[in-house]
Amino acid sequence: RRIANFYFLIIFLVQLMIDTPTSPVTSGLPLFFVITVTSIKQGYEDWLRHKADNEVNGAPVYVVRSGSLVGDIVRVAKDETFPVDLVLLSSDRPDGTCHITTASLDGETNLKRHSLSLTTFAVIPSSFYLLHLGEMKVPGHLSNLYLCFPSLSFRPLGPENLLLRGARLKNTKEIFGVAVYTGMESKMALNYKCKSQKRSAVEKSMNSFLIIYLCILLFEAILSTILKYAWQSEEKWNEPFYNQKTEQERNSSPILKFISDFLAFLVLYNFIIPISLYVTVEMQKFLGSFFIGWDLDLYHEESDQKAQVNTSDLNEELGQVEYVFTDKTGTLTENEMHFRECSINGTKYREVNGKLMGEELLFLKAVALCHTVQISYDQPDCMVPGSDPFSHVNGFSANHMEYYASSPDEKALVEAFDTMTDHNTVPYAYRFKLLHVLEFDPNRRRMSVILQTPSGGQIMFTKGAESAILPFATSGEMEKTRLHVDEFALKGLRTLVVACRHFSPEQYTEVDRRLNAARTALQQREEKLQEAFNFIERDLQLLGATGVEDKLQDKVQETIEALRLAGIKVWVLTGDKHETAVSVSLSCGHFHRTMNILELLQQRSDNECAEQLRRLARSLCWYCLSRIKEDHVIQHGLVVDGASLSLALREHEKLFMEVCKNCSAVLCCRMAPLQKAKVVRLIKTSPEKPITLAVGDGANDVSMIQEAHVGIGIMGKEGRQAVRNSDYAIARFKFLAKLLLVHGHFYYIRIATLVQYFFYKNVCFITPQFLYQFFCLFSQQTLYDSVYLTLYNICFTSLPILVYSLFEQLVHPHVLQSKPALYRDISRNSMLSFRTFLYWTLLGFCHAFVFFFGSYILMGEDTTLMGNGQMFGNWTFGTLVFTVMVITVTLKLALETHFWTWMNHFVTWGSIAFYFIFSLFYGGIIWPFLHTQDMYFVFVQLLSSGSAWFAIIIIIITCLFPDVIKKVFYRHLLKGTITAV
Amino acid sequence: MQKKENQEVENRPDNTAFTQQRLPAWQPILSAGIVIPLFVLVGLAFIGIGVALFVTSRNLHVLEMDYTGVEKTSPCFSCSDPIKQKNCKCSLSFELDKLFEGPVFFYYGLTNYFQNQRAYGVSKDYNQLSGDLDYFTFFFSIVPDSTCKPYRYDVNNKPIVPCGSLANSMFNDTFNLYQMKNGVKEEVPLDGKGISWWTDYNIKYRNPSVNPLRNAFNGTVKPLYWSKPAYELDPTDTANNGFINQDFLVWMRRSALPNFRKLYRRITDGLPAGNYSLEISYNYPVIAFDGKKKVAFSNVSWMGGKNEFLGIAYLVIGSLCLVMSVVMLIIYHWRNSSPDAN
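Chains A and B are the protein sequences, given in the same order. Just so we're aligned, residue 5 is where the first sequence starts under the numbering used here, counting upward by one. Just so we're aligned, residue 210 is where the second sequence starts under the numbering used here, counting upward by one.
What follows is the structure, encoded as structure tokens:
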């Protein structure tokens, strides 16, 4: 967009260099104005950013030993955030650990335990570090928050030793750490993604229109230059006696003269490229986006969150969405897990009033122990070394405990079992020692803990997705459990399978060795850990399964229905299992009972997948044909899983697209985050180039949010990563309806009209000037005074359109929301189609012709227009055209305005009044600093002529009269959906 | 708890008409029910205005005569080459069969004459014309203004005052009008006052405040095409000389279009019926660029001279409004009566 400013700068420079019809000020001033406004806006945004930066950068840091930043030893006290990436050196806790929360990094609110790598250092006072520390190797910079760790020369460091900048210290009085990555090299800074600039469809068409206008400009300039020379080839026109040339002019080279003439015409017509378009659009977007945040309907009372706009550039894109890709968990659902059912050793249990009957201790132990939940007490720093936190449970009343978990499922399970197992009835507490945690990762889809039982044996508990555990299970009620899991899934519950493994002492020694070796490996630590995990997590004994319910959000069904009526295709992309996903889809109205559901599941090979796709396509075709006969619309839904999808996308994109297009609802389950983005890209790049919108709440939706044209973040429980990477953030899924149907509709209509009107008004402005050249020997005489040329776009006609584009409401918001079909009226950028563009441009040309020739005929009859017989001159002629133009152009916008607030009245009538007052003032004074006084009293003389008044009125009416007729006819003959309302 | 409530207030958007986009607004709808009566009203009003304008214009008279002398039969044929014929005089006879009501305005007209060329139009020095004596002298090629080229200095590097093409090419034909009464020529008094804009004469253009005026022009030369210096333009009236000479002011106000008329004189009492002879001292060359020279007599109403365009335009647009309102009425009626209207 800065190219436009560059263009104006060039014009300005041309004016400085050669003899042009207008002074450099004429285009320099608008350029200056535009740049000033832009810089004020950006300055304001920078100031906001600066303020936010200061909060972070201004925070005091206690530095113990100062090195060259990296190598500084830093003390961080409780509840402070880490200023740089630190390697933990000492903690005041006797076990050498500290707890941190990374809420501001990844949104996980759970407490994480970080520990010293050199246990011997734990209790040594900080002054020790003034001595030799050993050499610290800091590997190159990778942005992954959890990979890549520095290492001390004699000991590797793991993620548990590294404290990331931005995280907050909890439950620990103070720690000392050595800075390893600082400033822009810290992990957090590396993760600042330069947000790829998303450009809206409107902006793209605006740019193509600009190119068309540039062509018009070049054409006009070239035509004028050629005609000038054609005319001048005759001696009598070239140099009539009254207008002799100077010697210098006669002798200059013809080519040079030709070029300078061309440039002069370019300068003369340059206003056809609307200089203030960009700045007005930017202002409109910037100011207009406030309305989203201000909207009470988008405000969520319970969580006290209002809608948030991260990019104002995409406001109008909200009105153009054709595909919505939504995450399920946390987006369609509340992400508030409640334990509902479980299956233990093939027996099903249901939760009734918070009590679960049964004595299957092993299963209960597994669920109670196999997790990474942290507990926060009201009184911190009470951790006794070497003790399990659970040992304190009995000492505190349950209200004092709060669980922090990275996974809501785990939290739900632990909470459920906490309430279920009555502390008073349990006769004694078991004491387990945690030996190892095999952390969860999305590839394995399971996690395990290895514990030492009170009796001294070693046991491992594993829990995870059923597909990740069942293949490794060797004993237990396999079949029944599988059945129950499917049953839970059908009810829409999230399922987890629990298993255990007993180790013999020899086995455990082997396990311990492998784990330690993998964890301390200096190279390929990740791969080695995976290997070790796979070695350990096998030969499992199946214990049972749990079913956790995730409640649907409010009004999801209505929202999806509204979106569908609006012609938007909704795709649900989820990581859940197929049955769970389908049942949630059904309950949230994404799939209907009457829908014909097609499946593309568990395709293992390319050929199989292609075959299935072809079958689906054929059946769809058959339905298409039968639909015509039966006059009965069957809707189709498609279910795809991740594996099949990747096959389908690899080879058969076209076929897949075809099937998808015929389906009104698509559900993709078992999706990896990157696959979500791939699906979005597939649709985005399909031949129709539809506008896509992705909505999600978790870190796994970020790639999809960034990929889609519009990314919406839900401010849910899974942290703020999605929100931070989104273009808009809302608190609940249901707000999407208003955001798209009302705000999107408003913004689109506003900006579309704004763009079209801008081109129109500049055509109106410059075409008379072009026409005038035919009557002045192509001598580049301006029709209007240069002050008028300068102020037309920045004063006389700028405010009405800005106010229009902020307040216009073609249809009442309630109507828009209750009749989603109205959204289809503006789909596919219809208001900026080439046809409408042509309409506005031709209208501009027509109006310009009427202005010019109306005035021409009036003046061209050579008669006086004044009662005293005096004659008008060329400036009066130009002023007449200009006056008519300012009024017509303003009134044309008035005709387009459907929503007249007091501000519209004020700026519309105010602009016209301002023009008159300004002209009277400007023409009423001999301006000492002006070179000529061409405009002195011209305006007053014009207005003192009765004929001029009559002419102004008739020309304006002539211009607007067809518009009014067109509107009436449009209204009564072609009742579009909008006008029908 | 109290704290939490405060926080809520903090984030909750204001519930005002402005922030909720619920500002009271007038929402006009251009429906046939409003537009048809409006069109009828506008149509009728325009037709009324049109008729009035047309009638007013019809009552005005214009008498225009070409005196270029291109054809051999033309009385000014012998003068049409002013280069050879210095101070050539010719006369044009015409007859009025009824009274030309006064005041009659006497115009001269030129065609194919591009006063609106850019280089021509800017070729003047405003500071000179506002009477600033500093701009009357040669001063390091800065004054007079460089736009005056090639009429800035004469061959001896003396500044030309007033400089520039515009002033230099001032129209210099003069006219005397005689009424033939019983074979005796009787001169019709021509009034040359107030033919230029009041502001031009009184404010914009100023003579240097030197008395006598000719002293101010010491060391300058007159424009090349002028036969008299600026301070001697009107020998009969000393107040009509220099830059505030009315003819000069009329010329300096550039015409918008290549065919134009400029006001020459006024005949306050009108012209009674009879024979007239217009004596022309023919000086201005136009044949070279296919130009025509004309004289025109016209009387004016409050809205100016004879101009039928406005009247016709109002009549046309007015009747179009009426026609369109009828068409709209028919369509509106047809839409509402047809069974599948909604």
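Yeah, the Cβ is synthetic: ideal placement off N, Cα and C, and Gly gets one too. Being a predicted model, the structure only gives us computed values, none of them experimental.
Give the C-beta separation of residue i and residue j to the nearest angstrom, bearing in mind that I take them to be a contact with Cβ-Cβ under 8 angstroms.
i                      : j                      : result
residue 772 of chain A : residue 793 of chain A : Rounded, the Cβ-Cβ distance is 12 angstroms, inconsistent with contact.
residue 81 of chain A  : residue 208 of chain A : Going by Cβ atoms, the distance from residue 81 of chain A to residue 208 of chain A rounds to 52 angstroms, so no, they are not a contact pair.
residue 433 of chain B : residue 360 of chain B : 7 angstroms
residue 987 of chain A : residue 349 of chain A : The question about residue 987 of chain A has no answer here: the residues shown for chain A are numbered 5 through 985.
residue 555 of chain A : residue 337 of chain A : 6 angstroms
residue 768 of chain A : residue 889 of chain A : 6 angstroms
residue 877 of chain A : residue 462 of chain B : 4 angstroms
Using a C-beta cutoff of 8 angstroms, does residue i count as contacting chain A?
i                      : result
residue 220 of chain B : yes
residue 425 of chain B : no
residue 196 of chain B : Residue 196 of chain B is absent from the model: chain B starts at 210 and stops at 551.
residue 515 of chain B : yes
residue 358 of chain B : yes
residue 538 of chain B : no
residue 330 of chain B : yes
residue 234 of chain B : yes
residue 406 of chain B : yes
residue 511 of chain B : yes
residue 344 of chain B : no
residue 352 of chain B : no
residue 498 of chain B : yes
Does any residue of chain B bring its CB to less than 8 angstroms from the CB of residue i?
i                      : result
residue 861 of chain A : yes
residue 720 of chain A : no
residue 324 of chain A : no
residue 905 of chain A : yes
residue 779 of chain A : yes
residue 808 of chain A : no
residue 865 of chain A : yes
residue 749 of chain A : no
residue 856 of chain A : no
residue 310 of chain A : yes
So if DSSP puts residue i in a beta bridge, which residue, or which two residues, is it bridged to?
i                      : result
residue 549 of chain A : A:347, A:501
residue 717 of chain A : A:700, A:733
residue 507 of chain A : A:462
residue 318 of chain B : B:470, B:503
residue 329 of chain A : A:575, A:698
residue 172 of chain A : A:85, A:105
Contact list for the region 947-977 of chain A against chain B, Cβ threshold 8 angstroms: For the region 947-977 of chain A, the residues whose beta carbon sits under 8 angstroms from a beta carbon of chain B are, in order, 949, 950, 951, 954, 955, 958, 961, 962, 965, 968, 969, 971, 972, 973, 975, 976, 977.
If the cut-off is 9 angstroms on Cβ atoms, which residues from the region 868-880 of chain A count as contacting chain B, listed in chain order? Within the region 868-880 of chain A, contact with chain B at the beta-carbon level (separation under 9 angstroms) is assigned to 868, 869, 870, 871, 872, 873, 874, 875, 876, 877, 878, 879, 880.
Okay, do the region 760-779 of chain A and the region 821-828 of chain A touch, 3+ Cβ pairs below 8 angstroms being the bar? Look at the beta carbons and you see the region 760-779 of chain A not touching the region 821-828 of chain A: under three pairs across the two are nearer than 8 angstroms.
Which residues, taken in chain order from the region 272-301 of chain A, show a beta carbon closer than 9 angstroms to some beta carbon of chain B? Listed by position, the residues of the region 272-301 of chain A near chain B (Cβ gap below 9 angstroms) are 294, 295, 297, 298, 299, 300, 301.
So does the region 476-496 of chain B actually touch the region 222-242 of chain B, counting three or more Cβ pairs closer than 8 angstroms? For the pair of segments examined, the region 476-496 of chain B was found not to touch the region 222-242 of chain B: the number of CB pairs separated by less than 8 angstroms stays below three.
Quick one: which residues of the region 313-328 of chain B get their C-beta closer than 7 angstroms to a C-beta of chain A? List them in chain order. Listed by position, the residues of the region 313-328 of chain B near chain A (Cβ gap below 7 angstroms) are 314, 318, 323, 325, 326, 327, 328.
Would you check if there are 3 or more beta carbon pairs closer than 8 angstroms linking the region 941-958 of chain A to the region 519-534 of chain B? The region 941-958 of chain A vs the region 519-534 of chain B: in contact.
With 8 angstroms as the limit, tell me which residues of the region 256-275 of chain B have their beta carbon closer than that to any beta carbon of chain A; keep them in chain order. For the region 256-275 of chain B, the beta-carbon criterion of a distance under 8 angstroms to any beta-carbon of chain A is satisfied by 258, 262, 271.
Determine which residues of the region 771-797 of chain A have a Cβ less than 7 angstroms from any Cβ of chain B, and write them out in chain order. Cβ contacts with chain B: 779, 780, 781, 783, 784, 785.
Count the CB pairs spanning the region 592-604 of chain A and the region 550-564 of chain A that are closer than 8 angstroms, and state whether there are at least three. Taking a contact to require three or more Cβ pairs closer than 8 angstroms, the region 592-604 of chain A and the region 550-564 of chain A qualify as touching.
Segment contact flag, the region 640-647 of chain A with the region 665-677 of chain A, C-beta cutoff 8 angstroms, min 3 pairs: With a cut-off of 8 angstroms, the region 665-677 of chain A and the region 640-647 of chain A count as touching, because enough Cβ pairs lie within range.
So if I threshold CB-CB distances at 7 angstroms, which residues from the region 464-489 of chain B count as touching chain A? Those would be 464, 465, 466, 467, 468, 469, 470, 471, 472, 475, in chain order.
Could you please tell me which residues of the region 408-424 of chain B, in chain order, have their CB closer than 9 angstroms to any CB of chain A? So the list reads 408, 409, 412, 413, given in the order they occur along the chain.
Measuring CB atoms only, is the region 436-446 of chain B touching the region 272-285 of chain B, in the sense that at least three cross pairs come out at less than 8 angstroms? In short, these stretches do not touch, since the Cβ pair count stays below three.
Any contact between the region 250-257 of chain A and the region 505-513 of chain B? By contact I mean 3 or more CB pairs, one from each, below 8 angstroms. With a cut-off of 8 angstroms, the region 505-513 of chain B and the region 250-257 of chain A do not count as touching, because too few Cβ pairs lie within range.
Below 8 angstroms, how does it come out for the region 370-387 of chain B and the region 329-347 of chain B: are there three or more Cβ pairs, yes or no? For the pair of segments examined, the region 370-387 of chain B was found to touch the region 329-347 of chain B: the number of CB pairs separated by less than 8 angstroms reaches three.
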